[in-house]
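Q: I'd like to ask some things about the structure below.
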Amino acid sequence: MIKIKEKRGLSPVIATVLLIAIVIVLALIIFMWAKGFFKEKTQKFNEPIENSCQRVIFQAEVFSDGNNKGYIDAQNEGNIPIHGFELFKKENGEITGIGSVIFSQSGVEGEEIVLYGGENGRINIDYLATSIKSGDNIQLVPILIGLKGNEYQVFTCDKKYGVDITAQSI
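Sequential numbering of the sequence shown, starting at 1, is according to full-length UniProt numbering.
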C-alpha cells in the first residue's frame, strides 16, 4: 500500500501576518494616491490665493529706453499686498512672456519689499528693458505670496487679472 504524505499548509499565524501586511501596503498606496489627488492649495487670508487675485487693484506705467534702462511705477489701489509682476508682451495677436520682477527699494538692489494697499513702488527692469520698446503693449500680472502648509509660496495670478498698458519712453 502506498503511503500518502500529509500535506501541510501555511500556519494560520503566518497567513494572518501576511494578510495584515498586504492590507497595510494597500492602505498606504491609497493614502498616497489620495494625498496627491487632493493637493494642498496655497492660502492667503485663510482662503485659496486665487480668490485674492480677484481683489487685486493696481495702476502701473512701464518706462524703457529700449536698451538697458527701464522701470515700472505701480500703485496698489486695493488691500491685497503685491510682491511683483509677471510681464507679457502682446504683439500681432500673440502673447509672449518677458519675465518676472520683484519690487526693490531705491538704492538697495535685490532686497524684496511689499507694495501694500495705497502704496506706490518702482520696480527696476533694466535686465528686461531690451525686450520692451516705447509703444509696446505690455500686460502686467500681479505676483502674490501665500502660505502652503508652513512655507511661504510665490504665486502668479492668472492673466485675466493682469492690466494692459502701453510702454513709454524714458
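No residue lacks a Cβ here, since even glycine has one placed at the ideal position from N, Cα and C.
Quantities reported herein were computed from a predicted structural model and do not represent experimental measurements.
Check the Cβ-Cβ distances between K89 and every residue of chain D, and say whether any is below 8 Å.
A: In the structure shown, chain D does not exist; there is a single protein chain.
Q: Could you tell me which residues DSSP puts in a beta bridge with N79?
A: The sequence position of residue 79 within the sequence shown is 79, counting from 1. In DSSP, N79 forms no bridge with anything.
Q: Count the other C-beta atoms from every protein chain shown that fall within 10 angstroms of the C-beta of T42, then say buried if there are 16 or more, exposed otherwise.
A: Counted from its first residue, the sequence shown places residue 42 at position 42. When all chains shown are included, T42 counts as buried.
Q: Could you check how far apart the C-beta atoms of A74 and G121 are, in whole angstroms? I think they sit under 8 Å.
A: Counting from 1 along the sequence shown, the entry for residue 74 is found at position 74. Counting from 1 along the sequence shown, the entry for residue 121 is found at position 121. Right, their Cβ atoms sit about 5 Å apart.
Q: Using the three-state DSSP reduction, which class does T96 fall into: helix, strand or coil?
A: Sequence index remark: in the sequence shown, residue 96 carries index 96 (1-based). Note: T96 maps to strand in three-state DSSP.
Q: What residue range is occupied by the uninterrupted beta strand (DSSP E) comprising E91?
A: As a position in the sequence shown, residue 91 is number 91, starting the count at 1. Residues G84 to E91.
Q: Of the residues L18, A60 and P142, which one's Cα is nearest the Cα of G99?
A: Against the sequence shown, residue 99 aligns to sequence position 99. The residue with the shortest Cα to Cα distance from G99 is P142.
Q: Tell whether a beta-carbon distance below 8 Å holds between S169 and S134.
A: Here residue 169 refers to the residue found at position 169 of the sequence shown. Here residue 134 refers to the residue found at position 134 of the sequence shown. Their beta carbons are under 8 Å apart, which means S169 touches S134 by this criterion.
Q: What does a CB cutoff of less than 6 Å around S106 pick up in its chain, not counting 5 residues either side in sequence?
A: Counting from one through the sequence shown, the residue named residue 106 turns up at place 106. With a pLDDT of 48 at S106, under the threshold of 50, the predicted position of this residue should be treated as unreliable, and no value is reported.
Q: Applying the 10 Å Cβ sphere with the 16-neighbour rule, what's the burial state of V56?
A: Position 56 of the sequence shown, counted from the first residue, corresponds to residue 56. Buried.
Q: Assign F31 to one of two classes, buried (16 or more other C-beta atoms within 10 Å of its C-beta) or exposed (fewer than that).
A: For the purposes of this step, residue 31 is taken as residue 31 along the sequence shown, with counting starting at 1. Exposed is the call here.
Q: Would you kindly work out how many angstroms separate the C-alpha atoms of A129 and V62, rounded to a whole number?
A: What you label residue 129 is simply residue 129 of the sequence shown in a count that begins at 1. What you label residue 62 is simply residue 62 of the sequence shown in a count that begins at 1. Answer to the nearest angstrom: the Cα atoms are 10 Å apart.
Q: Across which residues does DSSP place A60 in a beta bridge pair?
A: Numbered from its first residue, the sequence shown carries residue 60 at position 60. In the DSSP output, where bridge partners are listed per residue, A60 has A74.
Q: Going by DSSP in three states, S131 sits in which element: helix, strand or coil?
A: Taking the first residue of the sequence shown as 1, we reach residue 131 at position 131. Helix, per DSSP.
Q: Apart from the five residues just before and just after T60, which ones in its own chain have a Cβ nearer than 8 Å to its Cβ?
A: Along the sequence shown, one-based indexing puts residue 60 at 60. What sits at residue 60 in the sequence shown is Ala, not Thr. Closer than 8 Å at the Cβ level, and outside the excluded window around A60, lie I72, D73, A74, Q75, F85, L140, V163 and I165.
Q: Does DSSP put K148 in a helix, a strand or coil?
A: Locating residue 148 in the sequence shown gives position 148, counting from the first residue. Strand.
Q: For a quick check, are the C-beta atoms of K159 and F58 less than 8 Å apart?
A: As a first step, residue 159 must be located in the sequence shown, where it is residue number 159. As a first step, residue 58 must be located in the sequence shown, where it is residue number 58. No; because the gap between Cβ atoms is not below 8 Å, this pair is not in contact.
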